[in-house]
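I have placed the structure first, in the form of structure tokens, so that the comments after it can refer back to it.
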Amino acid sequence: MQIYTLSFLLVFLPLTALIYYVVPPHYRTFVLFLASLYFYASLSTLGLAIMLASVGLDLLAAKPLFLWGKGDRRARLLLLAAAAKNILLFVVLSSLSQLRNTEMPLGVAVYTFTSLGYLVDLYNGEADLVVDPYEYGLFCCFFGKIYVGPILSYNDFSRQLRDFRPSLTKIGTGVVFLLHGLAKKVILADSLGVLAEELRAIPYLDKTVLSVWMLIACVILQVYYTLSGFSDMARGIGGIFGLELPENFHYPLQSESVTDFFSRFNISANRFVRKYVYGALGAEDNGRLATTLNIMLITMLMGLWYGIRLNYLVWGASLGVFIVLETIWGEELFGRLPTAIKRLYTLVVIVVSFAWYSSLSLSQGLFYLQTMFGLRTWDLLRGLTGGGTYAMLWSGESLYLLLKNWLLLAVSLLVCTSLIHRNAQRLHHRFPRVMEGVTLVTNTLLFTGALAFMAG
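Residue 183 in the working numbering is what sits at position 155 of the sequence shown, and the numbering runs on without skipping anything.
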């Protein structure tokens, strides 16, 4: 039972919501916690055991950390041990999934770093001590956000549970978020994934400039719609249960700098790394060399957030180089450029960097980069010996895939910008009743389309 299946949407979620609102208020946290355990167990009983063991150990460490306080040697050692446990668990599980070519257990990054962040905040006196173990378990393992987050602080989460104020408006808004996230995942992301696999299947010697650019674009859009789709669904599910979860993706592909892209892409993970790693290292307060090293470290860590793979490390480092340039010389290099030029520069850097993210090895990433810019030796020789320059740029197969999927690509490019949302807001202010009807029809069509894609 995945979050994007009919059994979840039509059975599990409505039944859980019904029980949640029927039981007395002091049982609601327990109900959501049990529902989260059942949901995870339906995916992997081993994964559930690992999750409970990890979160349980952190819960046991919370009270000693609180009693000993910041600066106590025992508290420092305990916090280091908890950090090592969480990081090692993430690294080992991610590495095993790579070696065995299997799926990594769901939500490892979410519950390990959510729990670790709480322990750090508790040590620094920025969080309250856990009173209810079920509340802590729900904070780390809530089924709505277990896929990609967002990661939030314990104080923010627990405050909402104690100051519970459900309303039809929150539930309605939650349903809309859930629907939009579902459409992003099952209609756009999954369709882009199919196209990406078709482009990958083109033999190496037949890959052209067009086919590789299309492949990289599909991967970027697929990753964006998958992650932002899950994040929107998390916000939607949270809203159904009266919880407000923060936005995790804010139109990252229309950023005006690579630094801006990092702040818009997986926002909660970026904040986590900046607060607990970048801030601890001194951020930008220790000179240009230290700033450069700190930025490169956090961008590489953000790359590894998506899996322990050398290509992800290189992807993060390649973006880190531009963030260093923008941080140190940004005003001189980019300060007076028009917005359109800034966005174009950022988009080109992002697309080129994703050649590393999209590949399975460094050699494949290098091959993609060479092909994207027409620098493959074999292609150049073929052009010089009469094979024709155009064979390097496109082929009949790549043109066929482009023409066959032009509507998917056009819609995907349009929806990843704020154009629709911004204009819809303007029209809503001018014609509120008309736009309410348009919104209802649009959401109904999205829900019908999502159901059709899931059933198919």
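Glycine included, every Cβ here is placed at the ideal spot set by N, Cα and C.
Cα-Cα separation, residue i to residue j
i, j, result
"tyrosine 418", "valine 240", "Interpretation of tyrosine 418 is limited by its pLDDT of 43, a score under 50 that renders its predicted location unreliable; no figure is taken from the coordinates."
"threonine 70", "phenylalanine 350", "Reading the sequence as shown, one finds serine at residue 70 and not threonine. So the alpha carbons of these two residues sit roughly 43 Å apart."
"methionine 328", "asparagine 339", "10 Å"
"leucine 365", "valine 377", "16 Å"
"leucine 60", "tyrosine 232", "49 Å"
"alanine 345", "leucine 38", "43 Å"
"valine 462", "leucine 468", "10 Å"
"leucine 347", "methionine 29", "36 Å"
"leucine 372", "valine 466", "33 Å"
"cysteine 246", "threonine 57", "40 Å"
"phenylalanine 459", "glycine 75", "50 Å"
"leucine 479", "tyrosine 175", "21 Å"
"phenylalanine 36", "alanine 211", "15 Å"
"arginine 228", "phenylalanine 269", "41 Å"
"tyrosine 385", "threonine 476", "33 Å"
"proline 42", "aspartate 234", "50 Å"
Pair within 8 Å by beta-carbon distance, residue i and residue j
i, j, result
"phenylalanine 205", "isoleucine 179", "no"
"leucine 93", "tyrosine 55", "no"
"alanine 262", "lysine 173", "yes"
"tyrosine 49", "isoleucine 244", "no"
"threonine 374", "valine 352", "no"
"serine 122", "methionine 132", "yes"
"serine 296", "proline 274", "yes"
"leucine 6", "glutamine 188", "Nothing in the structure corresponds to residue 6, since the chain is present only between 29 and 484."
"leucine 220", "serine 387", "no"
"serine 285", "glutamate 360", "no"
"valine 148", "leucine 107", "yes"
"isoleucine 248", "valine 158", "no"
Helix, strand or coil at residue i according to DSSP, with G and I counted as helix
i, result
"valine 469", "helix"
"asparagine 451", "helix"
"alanine 368", "helix"
"proline 42", "helix"
"threonine 445", "coil"
"methionine 29", "coil"
"asparagine 322", "helix"
"tryptophan 422", "coil"
"aspartate 191", "coil"
"asparagine 486", "Nothing about residue 486 can be reported from this structure: the residues present for the chain run from 29 to 484 only."
"tyrosine 253", "helix"
"tyrosine 385", "helix"
"phenylalanine 459", "coil"
"isoleucine 199", "helix"
"leucine 34", "helix"
Supposed close pair residue i, residue j - CB separation, criterion 8 Å
i, j, result
"alanine 155", "tyrosine 146", "6 Å"
"aspartate 218", "phenylalanine 481", "7 Å"
"alanine 109", "aspartate 86", "The Cβ separation is near 10 Å, so there is no contact."
"glycine 257", "glycine 202", "That belief does not hold up - the Cβ atoms of glycine 257 and glycine 202 are roughly 15 Å apart, past 8 Å."
"leucine 207", "leucine 474", "6 Å"
"isoleucine 336", "valine 119", "6 Å"
"tyrosine 139", "valine 83", "6 Å"
Threshold first: 4 residues or longer. Then list the alpha helix (DSSP H) segments lying entirely within the stretch 261 to 309, N to C. 286 to 292, 295 to 301
Every unbroken alpha helix (DSSP H) inside the stretch 115 to 178 [4 residues or more]: 136 to 151, 161 to 169
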